[in-house]
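Colleague:
In our numbering, the protein residues as written are 1289 to 1400.
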């Protein structure tokens, strides 16, 4: 059984609110979970104290039992100092300017 520490959506339509839970990886997003470990309210400003609430001791206990955090939750835990900050790859190369645009930008930089 693979354990995940992940977000489970709650809240009303257009008013998201998430519980941070530990659940079996096969269970649905909002389905059965084992234990609630915190909450995340994206409607609050980033610097607000109640935006992310975590129960550090319970999270460390579940990580010790082998639970893996999803990318978003790992970012929360990294900012809280519970785990090392995860390293995410660079943005996709598809979004980078194409060859002609890079040439024009280089010509503009050389001319100006």
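For each residue, glycine too, the CB sits at the ideal point set by N, CA and C.
1) Alpha carbon to alpha carbon, how far is residue 1396 from residue 1312? Give it in angstroms, no decimals.
2) May I ask which residues mark the beginning and end of the alpha helix (DSSP H) holding residue 1344?
3) Given a threshold of 16 other Cβ atoms within 10 Å of its Cβ, counted over all protein chains shown, does residue 1309 qualify as buried or as exposed?
4) What are the start and end residues of the alpha helix (DSSP H) that includes residue 1298?
5) Given that a residue counts as buried once 16 or more other Cβ atoms are within 10 Å of its Cβ, and exposed if not, what is residue 1332?
6) Given that a residue counts as buried once 16 or more other Cβ atoms are within 10 Å of its Cβ, and exposed if not, what is residue 1321?
7) Less than 7 Å between the beta carbons of residue 1368 and residue 1293, yes or no?
8) Near residue 1350, which residues of its chain fall below 8 Å by C-beta distance, leaving aside the five closest residues on each side in sequence?
9) So if DSSP puts residue 1323 in a beta bridge, which residue, or which two residues, is it bridged to?
10) Taking C-beta to C-beta, are residue 1362 and residue 1374 nearer than 7 Å?
Modeller: Taking the coordinates as given:
1) 55 Å
2) 1344 to 1352
3) buried
4) Note, residue 1298: premise wrong, no alpha helix (DSSP H); beta strand (DSSP E) at 1291 to 1300.
5) exposed
6) Answer is buried; the Cβ neighbour count reaches 16.
7) no
8) Shown here for residue 1350: same chain residues with a beta carbon closer than 8 Å to its own, the five before and five after excluded, namely 1291, 1293, 1310, 1323 and 1325 in chain order.
9) Residue 1323 pairs with 1310.
10) yes
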